[in-house]
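Engineer:
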Amino acid sequence: MALDLLIDALWPSAVHVRAACIGGDGEPVGHRQLEDTHHLGEVGALATEEILQFHRGPAVLVVECEDVGHAKKSRSTAEATFLAFGRFVPPGSVAGPLVAPASIHLTAVPDSTTDTKRRGLRLLGFPTTVRPGFPLFLVLIGLLYPWPLGAWVAGSIGVFTVVHELGHALVARWFGCEARISLDFMVAYATFSPAPGFSRAKRALVAVAGATFQVTAAVVVLLAMGVNPLSRADITSGDASAAIWWTGIVLGLVNLIPITPLDGGAIVSSALDALFPRRGAKLMLRASIVITSIVLSVMIATGHSDFLPFFAFMLYLQWRTLRNERIIQSAIARALENPTGDPFIDSAAASLRLQNGDAAAGLAYATGSWLICPSSDVAVVAARANAMLGSTEAALEWVDAAARSSVDLLVTHAELNAAVELDDLRDHPRYVATIGKLSI
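594 is the number of the first residue of the sequence shown in this note's numbering; add one for each residue after it.
1. Could you tell me which whole alpha helix (DSSP H) segments of length 4 or greater appear in the stretch 809-866?
2. Measuring straight from C-alpha to C-alpha, what distance separates L849 and Y782?
3. Where in the stretch 966-1011 do unbroken runs of the alpha helix (DSSP H), each at least 4 residues long, occur, reported from the N-terminal end onward?
4. Out of A926, H757, F869 and D1017, point me to the one whose CA is closest to L716's CA.
5. Around the C-beta of R997, are 16 or more other C-beta atoms found within 10 angstroms, so that it is buried, or is it exposed?
6. Evaluate N821 with the Cβ neighbour count: other Cβ atoms within 10 Å of its Cβ, from every protein chain shown; 16 or more gives buried, anything less gives exposed.
7. A788 by DSSP, collapsed to three states: which one?
8. Alpha carbon to alpha carbon, what distance is there between V814 and I893?
9. Could you have a look at Y1038 and say whether DSSP puts it in helix, strand or coil?
10. Excluding sequence positions up to five away, which residues of its chain have a Cβ less than 8 Å from the Cβ of L889?
11. In the structure shown, what three-state DSSP assignment does F719 receive?
12. Using 10 angstroms around the beta-carbon of I925, count the other beta-carbons present and answer buried if the total reaches 16, otherwise exposed.
13. Where does L714 fall in DSSP's three states?
14. Can you tell me whether DSSP reads A772 as helix, strand or coil?
15. Measuring alpha carbon to alpha carbon, tell me which of W912, T960, I921 and L915 ends up nearest N931.
16. Return the chain-ordered list of same chain residues with a C-beta closer than 6 Å to the C-beta of S969, the five sequence neighbours on each side being excluded.
17. Taking A972 as the reference, which of L956, M779, A810 and P741 has the closest Cα?
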């Protein structure tokens, strides 16, 4: 419990937290409930087996989690939507399928895309968020070592963290993906939105790019300093060379250890996904718990404690991920009958109906959730359902509603890209225009 409190105080939440949304009875719904995250720093519309993975992108030191700020929808927004549909559907009930464009007037939903595209720091064109925890972490690192070694270590970590995440983001962009970077306490991550048809091989290349850029940059800097990165004498000849070698090369290679949530785990997860579709990340998490437990046991038995805190923390994060996975599974199971008003849980439950081939039931469920609390998550599912039912205009209405109600453009963009049901609409002028609104 003490460790949980410490981590929660200093670390972005291991799961996303939604703002409250006011339902038809005037009570908050979906307040601080668990939301989908995805391994590898990749966001998208996930199958039920995948929605339980956490949004941990590649990190330089340890691991990263994303805490996405969700805009709070007011009661007036929800009621305006009820009126736009021309009828009121109380929470807990499900509206009938709304397929015809004339039946849905989703333009009443305020357009959030302009507000979401906030101006801010950009690195090589990538939106970059630097939270207060990041400089605080660097200061604490600097204080752990004597001067000037501490300054070199802290500075090197800061620089190589940025280089690492830029590596992920640049390769993702090369493959046609949107990407952004976030830096926080002990965590940094590059989040990307896979383009349609994004392959497992490309996903693995994005995962390995961070460590590749980091190690390469460190080697180039050391060679420029006249330091042989393979010579112990050269490396230990000064504080600068030692700090750069450790934070650039060693930590970069550590990130390739094949366990969740490191980059190495993401690479293996992609390979497993090829053998066990939609189960790679789930299998990798369980294998990582076993591997990390064995490594910790060997370290304790042999007295090698150099990396003991690191692997102990990895095991804690893996256990926490597994625990939250089960919590979310339970929440979805309880929501199978009626919408809860929590967009993440409801979109997962509606997607289950689509996977079972019942598009009409999936649309009815998503519509019921939308009437309780409008969100881009359920709008995307409704668009997919309408596409399955052959209603192109209604599907485009819902795609536009997803964009207008989005509070995270990258996530919505990824969900639409991952929706194979919408493949026939991607060249439609209206769809192209809507996707353009989601560019970050």
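The beta carbon of each residue, even a glycine, is placed where N, CA and C say it ideally should be.
Structural biologist: With the given structure in hand:
1. Every alpha helix (DSSP H) stretch that sits fully inside the stretch 809-866 and reaches 4 residues is listed by chain position as 825-828, 832-837 and 844-847.
2. Distance between the alpha carbons of L849 and Y782 is about 15 Å.
3. Counting whole runs of 4 or more residues, the stretch 966-1011 contains the alpha helix (DSSP H) stretches 969-981, 985-997 and 1002-1011.
4. With distances taken between Cα atoms, L716 lies closest to H757.
5. Its Cβ being crowded by 16 or more others within 10 Å, R997 is buried.
6. By the neighbour-count definition (other C-beta atoms within 10 Å, threshold 16), N821 is an exposed residue.
7. DSSP places A788 in the coil class of the three-state scheme, outside both helix and strand.
8. Distance between I893 and V814, taken at the CA atoms: about 36 Å.
9. Past the edges of the chain, shown from 594 to 1033, lies residue 1038, and the structure says nothing about it.
10. The residues are L901, F904, A905 and L908.
11. Correct three-state label for F719: strand.
12. The residue in question, I925, is buried, as its Cβ has 16 or more Cβ neighbours within 10 Å.
13. Annotated three-state conformation of L714 is coil, per DSSP.
14. The three-state reading of DSSP puts A772 in strand, counting E and B together.
15. Checked all of W912, T960, I921 and L915; the closest Cα to N931 is T960.
16. The residues are A995, S998, S999 and T1005.
17. Minimum Cα-Cα distance from A972 among the listed residues L956, M779, A810 and P741 corresponds to L956.
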